[in-house]
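Engineer: Dumping the structure here so I can ask a few things about it.
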Amino acid sequence: MEWFMIFASVAVLWLASICKILHASFYPYRSSVFNKDGSLQKRNVLLVIAHPDDESMFFSPTINQLTSRGHNVHILCMSTGNADGMGNVRKEELYRASATLKVPIQQVTVMDHPDFQDGFGKVWNTSLLAKIVEKKVNENEIDTIVTFDNYGVSGHCNHRDVNHGVRRYMVDFSHREIEAWELVSTNIIRKYIGPTDIWFSSWSARNSLNGQMHCLLNENPHRSYAAMSQHQSQWVWFRKLFVSFSSYTYVNTLRKINK
Ligand SMILES: *[C@@H]1O[C@H](CO)[C@@H](O)[C@H](O)[C@H]1NC(C)=O
């Protein structure tokens, strides 16, 4: 009986969370983090990631919210994800996933640079990364950058180096009028409670100082799943589970990177 009660409570909580997400998708907040006070200015956003599939596994709530509001999203992927020698395949998969997420593939750049190779223990050159970001920003008149935070969701060193590179860029090129946001890493429990994490995320964003943190609900979780399934070479049972139970499929909390 007790087990039944626990199971029923979890089911109710899960359902309530899904309802809140669906509600958000029918009534998108008019002013979101990227359109303060309901302003209609369209942004040019650069998402900087480490490997193909980061965009679908971790950032899809942000991407969906941006594209649904007509912002222009560019993706800069710092490696082909060649740790298992599948780099070329994974690059193509990233293009397909981007198309699913409504990001035009000509706005997707996949680097294959000797200094940025996929793998644990490979230290990435952050000042070079900052320079590459600078080039992309110039080419595409970027006004907003989104990337990993210092822990990088999973603690992967490549994710963390991407954060260091973007931070370095913000310092070295601080004269520019650019906003940068990082994806807040949550603890291991919150990471795997699926949609129910939205209650924690919105609570922590509401209590952040001076609007430095924002919580973005995924208005189209189904599209995220479809995008992830484009990464055929990675689409094994444990990643299917991950995508279903990971809170990053349902919500992103972004924190502003101060200069
Ligand atoms: C990192 O990149 C910078 C800028 O391109 C270069 O000057 C520096 O020598 C590089 N550092 C290493 C350790 O390769």
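Letter by letter, the sequence shown follows residues -24 to -1, 1 to 235 of mature numbering (1 follows the signal peptide of the UniProt record, and there is no 0). We put the CB at the ideal spot given by N, CA and C, even for glycine. The structure presented is a predicted model; accordingly, all values stated were derived computationally and were not measured.
1. Identify the residues that DSSP records as bridge partners of residue 84: which are they?
2. Could you say which of 191, 141, 201 and 32 lies nearest to residue 70 if we only look at CA atoms?
3. Compare the Cα-Cα distances from residue 133 to each of 25, -12, 19 and 231 and report the closest residue.
4. Per DSSP, what kind of secondary structure is residue 75 in: helix, strand or coil?
5. Residue 81: buried (16+ other C-beta within 10 angstroms of its C-beta) or exposed?
6. Three or more C-beta pairs under 8 Å: does that hold for the region 47 to 63 against the region 157 to 175?
7. Give the secondary structure of residue 7 by DSSP, where H, G and I count as helix, E and B as strand, and everything else as coil.
8. Tell me the residue span of the alpha helix (DSSP H) that contains residue 198.
9. Any heavy atom of ligand 1 closer than 7 Å to the CB of residue 216?
10. What residues in its chain sit with their C-beta under 6 Å from that of residue 105, if we drop five residues either side in the sequence?
11. Applying the criterion that 16 or more other CB atoms from any shown protein chain within 10 Å of the CB defines a buried residue, is residue 48 buried or exposed?
12. With a threshold of 7 Å, establish whether the CB of residue 101 neighbours any heavy atom of ligand 1.
13. Is residue -22 helix, strand or coil when you go by DSSP?
14. If you check the beta carbons only, do residue 163 and residue 192 fall under 8 Å apart?
15. Could you name the residues that DSSP lists as bridge partners for residue 193?
16. Going straight from the alpha carbon of residue 38 to that of residue 214, what length do you get?
Structural biologist: Concretely, from the data shown:
1. Note: residue 84 sits in a beta bridge opposite 51.
2. Minimum Cα distance to residue 70 is reached at 32.
3. Closest option to residue 133, Cα to Cα, is 25.
4. Helix at residue 75.
5. An exposed status is given to residue 81, since fewer than 16 other beta-carbon atoms sit within 10 Å of its beta-carbon.
6. Touching, no, given that fewer than three Cβ pairs across the two stretches are closer than 8 Å.
7. At residue 7 the pLDDT is 46, less than 50, meaning the model places this residue with poor confidence; the figure from the coordinates comes in the next sentence. Note: residue 7 maps to coil in three-state DSSP.
8. Run containing residue 198: 197 to 205, per the alpha helix (DSSP H) assignment.
9. The answer is no for residue 216.
10. Setting aside the 5 residues that flank it on each side, residue 105 is surrounded in the same chain by 141, each with a C-beta closer than 6 Å to its C-beta; the list follows chain order.
11. By the C-beta density criterion, residue 48 is buried, having at least 16 other C-beta atoms within 10 angstroms.
12. Yes - ligand 1 has a heavy atom lying nearer than 7 Å to the Cβ of residue 101.
13. When DSSP states are grouped into helix, strand and coil, residue -22 belongs to the helix group.
14. Cβ atoms of residue 163 and residue 192: not closer than 8 Å.
15. Its beta-bridge partners are 227.
16. Roughly 23 Å between the two C-alpha positions.
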